[in-house]
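Mapping of the sequence shown onto this note's numbering: residues 1 to 254, in sequence order.
The beta carbon of each residue, even a glycine, is placed where N, CA and C say it ideally should be.
Model, not experiment: these values are computed from the prediction.
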Amino acid sequence: MAANFWASSHGKQWLLSRQQLQESRKEDLKNSYRGSEPYLVAATCMYLACKIEESPHHIKSVITEMKHVTADKGGFQYENHKVAEMEFYLLEELNFNMIVFHPYRALTTLAQDLGTKNEDVQRAWFIVNDTYKTDMCLLYPPYVIATAALYLPIALKGGDQYVDNNASNGNSAQGVTTRGAKRGATSAATNNGNNNNEATKVKDIRQWFALLNVDLDQIIDIVQEIISLYEVWDDYNKKPPQEIHGILQRLLKK
């Protein structure tokens, strides 16, 4: 996967240093976020992503779902032609580089090698989902993100050794927000359980991570960003929807 990644348009075009990322954001000074309606951009991104992943949905279905999701946040006022028009703008901004590698395959491979418990595989899967709401995918290779996502739930348990006794973990799906995420995480956990050896495995976690060909400093940076993200979300969830809608409306009117 790593070799294919570095040869792909993702590895060549979409992996940036922090300095390059900051430089690219200077474009926002000329093209303010206030010039685009965030709900329209979000709906169009979902519509286009479904096409790219060869799981297309009718544009009317996307709009209907968007209206349902934003019902308590001011609603979605755009029709088919607006989403279709925004699709062309998105493709132009992305320079039509649509090939993207995801951390999920690397996560499954690493989990099988470590002998990770199913519940930890699922937690790591959900963490990977959350990283897409940050700029991590532009800063770090997908296999590094997968390694950090796997490290976090294991590290929170404490201890220097990891024991996999193939005990049933119930494939807990606490915190899942979409059916697709639940299916993917449960499938990864099930495949991981099926590939574990029957004998009990005991591995030194520090040694296992040290033997990986990854930058441990990057792992630490990603873990810290994930923790900071959850702190921001916790504060956001305490705000009523009306307050968030008011902030967005004031932003668009300026």
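**Request:** Starting from Met136, follow the alpha helix (DSSP H) in both directions and report where the run begins and ends.
**Result:** Met136 to Leu139
**Prompt:** Helix, strand or coil: which one does DSSP assign to Asp204?
**Reply:** strand
**Message:** Suppose you measure from the CA of Cys137 to the CA of Thr131; what does that come to, to the nearest Å?
**Reply:** 7 Å
**Asked** Going straight from the alpha carbon of Arg38 to that of Pro142, what length do you get?
**Response** Correcting the residue type first, residue 38 is Pro in the shown sequence and not Arg. About 26 Å.
**Item:** Cβ neighbours of Pro56 in the same chain (closer than 6 Å, five flanking residues each side left out)
**Value:** Cβ neighbours of Pro56 beyond the five flanking positions: Cys50.
**Asked** Which of the three DSSP states, helix, strand or coil, is assigned to Thr70?
**Response** coil
**Request:** Rank Phe209, Phe76, Leu152 and Ile52 by C-alpha distance to the C-alpha of Val100 and give the top, closest one.
**Result:** Of Phe209, Phe76, Leu152 and Ile52, the residue nearest in Cα terms is Ile52.
**Asked** Is there contact between the region 104 to 122 and the region 143 to 155, where contact requires at least three CB pairs shorter than 8 Å?
**Response** yes
**Asked** Do you know offhand how far Trp208's Cα is from Asp215's?
**Response** 13 Å
**Message:** Quick check: the Cα distance between Tyr89 and Phe96, rounded to an integer number of angstroms?
**Reply:** 10 Å
**Asked** Do Val62 and Ala43 have their C-beta atoms closer together than 7 Å?
**Response** At the C-beta level, Val62 and Ala43 come within 7 Å of one another.
**Prompt:** Taking all protein chains shown into account, do 16 or more other C-beta atoms lie within 10 angstroms of the C-beta of Lys117, making it buried, or fewer, making it exposed?
**Reply:** buried
**Request:** Closer than 8 Å by C-beta to Leu156: which residues in its own chain qualify, once you throw out the five before and the five after it? Chain order, please.
**Result:** So the list is empty, once near-sequence residues are dropped.
**Request:** Mind listing, in chain order, the continuous alpha helix (DSSP H) runs of no fewer than 4 residues lying wholly within the region 78 to 111?
**Result:** 80 to 93
**Spatially closest choice to Leu212 from Cys45, Asp120, Tyr151 and Ser36, by CA coordinates** = Restricting attention to Cys45, Asp120, Tyr151 and Ser36, the CA atom closest to the CA of Leu212 is found in Tyr151.
**Prompt:** Between the C-alpha atoms of Glu119 and Ile222, what's the straight-line distance to the nearest angstrom?
**Reply:** 21 Å
**Request:** Can you tell me the Cβ-Cβ gap for Val121 and Pro103, rounded? I've got them flagged as a contact below 8 Å.
**Result:** Contact doesn't hold; Cβ gap of about 13 Å is too wide.
**Request:** Go ahead and label Ile227 buried or exposed: buried means 16 or more other beta carbons lie within 10 angstroms of its beta carbon, across all protein chains shown.
**Result:** exposed
**Asked** If we ignore side chains and look at the alpha-carbon of each, how far apart do Ser172 and Gly115 end up?
**Response** Confidence is the limiting factor: at Ser172 the pLDDT is only 30, short of 50, which leaves the residue's position unreliable and the question unanswerable from this model.
**Request:** Label Arg250 either buried or exposed according to how many other C-beta atoms from any shown protein chain fall within 10 Å of its C-beta, with 16 as the threshold for buried.
**Result:** exposed
**Request:** Classify Asn4 as buried or exposed, calling it buried when 16 or more other Cβ atoms lie within 10 Å of its own Cβ.
**Result:** exposed
**Cut-off 6 Å between Cβ atoms - residues of its own chain near Ser8, not counting five sequence neighbours on either side** = Ile99
**Prompt:** So what's Val41 in DSSP terms, helix, strand or just coil?
**Reply:** Here Val41 sits in helix by DSSP.
**Prompt:** Since Asp135 contacts Leu48 with CB under 8 Å, what's their CB separation in whole angstroms?
**Reply:** Not quite, the Cβ-Cβ distance comes to about 19 Å (not below 8 Å), so this is no contact.
**Message:** Spatial neighbours of Pro241 within its chain, please: C-beta separation below 6 Å, excluding the five flanking residues on both sides.
**Reply:** Counting only Cβ-Cβ distances below 6 Å, and skipping sequence neighbours, we find Asp72 and Lys73.
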